[in-house]
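Trainee: Heads up: the sequence shown is residues 2 to 213, going by my numbering.
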Amino acid sequence: MRFKVALFDLDGTLIDTEGQYTKIWGAIARKFRPDVPDLEYLIKGTTLVQIFDKYFPTEEMRKGVSEMLDAGEEGMEYEFFPGALDFLADIKRHGVKCAIVTSSNQKKMENVKKAIPNFYELFDRVLTSEDFSASKPAPDCYLLGAKVFNASIDECVVFEDAFTGLQAGMSSGIFTVGLATGNSPEAIKDKCNHVLSGFEGVDYDYIERILC
């Protein structure tokens with residue numbers, strides 16, 4: 002195997018936002034769906050369209066949810082996990098193409114760009130929910146990630162933290178690295194090919210070694 006393409010999930014993998022999203026969706030759930038326990042955890046890794054289809058059937062509910070979500074995302078802090086930017090810089094020096102593959106939509110990404118003005122300059126492609134019809138845990142998004150670089154799945158590596166994303170990566174046949182940022186290493190070790198606690202101290206050579 003050869004490490005030529007890195008496919009990154011965004012929230013909880015590169016950007017430390019999962020705790021903020023849990024609070025936002027917890028507030029939404031308490032207001033609109035108090036009958037669904039742990040809704041804020043059930044929806045992780047799914048698109049807004051999927052969430053609406055499953056949990057918020059009426060236009061009135063969707064309007065209210067959208068307003069609370071938009072307000073929450075505008076006020077969020079978007080910060081890279083420690084070591085993530087150094088890792089990105091190192092693999093790019095080795096010629097690795099880098100893409101974001103997220104279930105978030107373009108509107109959300111505009112908020113990210115406001116908080117991190119050079120965000121799009123860090124990646125060769127940014128794929129959002131508008132780019133694929135079947136979201137995680139379907140493998141479509143990561144297969145598309147390989148396709149846009151004309152790469153085989155053996156030349157790619159997926160970096161993910163959420164259960165649905167890990168399933169998407171593994172189902173695609175791409176070597177999948179699980180980030181133990183929101184879940185324990187024990188919880189994800191059987192759902193990926195390799196577990197990282199974070200990006201600190203990880204570089205291109207490290208990934209090449211685990212692929213051997």
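Where a beta carbon is used, it is the ideal one built from N, C-alpha and C, also for glycine.
Do the CB positions of Tyr207 and Ala169 come within less than 7 Å of each other?
Mentor: Position 206 of the sequence shown, counted from the first residue, corresponds to residue 207. Position 168 of the sequence shown, counted from the first residue, corresponds to residue 169. No. Outside cutoff.
Trainee: What is the DSSP secondary structure of Lys98, counted as helix, strand or coil?
Mentor: Residue numbering aside, residue 98 sits at position 97 when the sequence shown is read from its first letter. Of the three classes helix, strand and coil, the one that applies to Lys98 here is strand, per DSSP.
Trainee: How big is the Cα-Cα spacing for Tyr56 and Leu43?
Mentor: Locating residue 56 in the sequence shown gives position 55, where the first residue counts as 1. Locating residue 43 in the sequence shown gives position 42, where the first residue counts as 1. Their backbone Cα atoms lie some 10 Å apart in a straight line.
Trainee: Taking the alpha carbon of Ala116 as the point to measure from, which residue in Phe4, Thr18 and Ala152 has its own alpha carbon closest?
Mentor: For the purposes of this step, residue 116 is taken as the residue at position 115 of the sequence shown. Nearest C-alpha to Ala116: Thr18.
Trainee: Around the Cβ of Asp36, are there at least 16 other Cβ atoms within 10 angstroms (buried) or fewer (exposed)?
Mentor: Within the sequence shown, numbered from 1, the residue matching residue 36 stands at position 35. Its Cβ having fewer than 16 others within 10 Å, Asp36 is exposed.
Trainee: For Phe150, which residues of its own chain have a beta-carbon under 6 Å away from its beta-carbon, when the five flanking residues on both sides are left out?
Mentor: Against the sequence shown, residue 150 aligns to sequence position 149. So the list reads Val6 and Lys98, once near-sequence residues are dropped.
Trainee: Would you list the residues sitting across from Val1 in a DSSP beta bridge?
Mentor: In the structure as shown, the chain begins at 2 and stops at 213. Residue 1 is therefore absent and cannot be evaluated.
Trainee: Give me, in chain order, the residues of the same chain whose beta-carbon lies closer than 6 Å to that of Thr23; leave out the 5 immediate sequence neighbours on both sides.
Mentor: Here residue 23 corresponds to residue number 22 of the sequence shown, with the count starting at 1. Closer than 6 Å at Cβ, skipping near neighbours: Glu41.
Trainee: Per the DSSP calculation, Cys157 is bridged to which residue(s)?
Mentor: Within the sequence shown, the letter at position 156 stands for residue 157. According to DSSP, Cys157 bridges with Val6.
Trainee: Could you tell me the distance, in whole angstroms, from the CA atom of Asp155 to the CA atom of Phe33?
Mentor: As a first step, residue 155 must be located in the sequence shown, where it is residue number 154. As a first step, residue 33 must be located in the sequence shown, where it is residue number 32. Distance between the alpha carbons of Asp155 and Phe33: 44 Å.
Trainee: Inspect the CB distances between the segment 50-68 and the segment 188-203 and report whether three or more fall short of 8 Å.
Mentor: No: the two stretches stay apart, fewer than three of their Cβ pairs being nearer than 8 Å.
Trainee: What do you reckon, are the CB atoms on Lys45 and Ala181 nearer than 7 Å?
Mentor: To locate residue 45, count along the sequence shown from 1; it is residue 44. To locate residue 181, count along the sequence shown from 1; it is residue 180. Taking 7 Å as the Cβ cut-off, Lys45 and Ala181 do not qualify as a contacting pair.
Trainee: Out of curiosity, what's the CA-to-CA distance linking Lys109 and Phe88?
Mentor: Here the question's residue 109 lines up with position 108 in the sequence shown. Here the question's residue 88 lines up with position 87 in the sequence shown. Using only the alpha carbons, I get a separation of about 24 Å.
Trainee: Is it buried or exposed, Thr59, if we count other Cβ atoms within 10 angstroms and call 16 or more buried?
Mentor: If you number the sequence shown from 1, residue 59 lands on position 58. By the 10 Å Cβ count, Thr59 comes out exposed.
Trainee: Between the C-alpha atoms of Glu209 and Arg3, what's the straight-line distance to the nearest angstrom?
Mentor: Stepping through the sequence shown from its first residue, residue 209 is reached at position 208. Stepping through the sequence shown from its first residue, residue 3 is reached at position 2. Taking the straight line joining both Cα atoms gives about 7 Å.
Trainee: Under a Cβ-count criterion, where at least 16 other Cβ atoms within 10 Å of its own Cβ denotes burial, should Ala90 be classed as buried or exposed?
Mentor: Position 89 of the sequence shown, counted from the start, is the residue given in the question as residue 90. Result: exposed.
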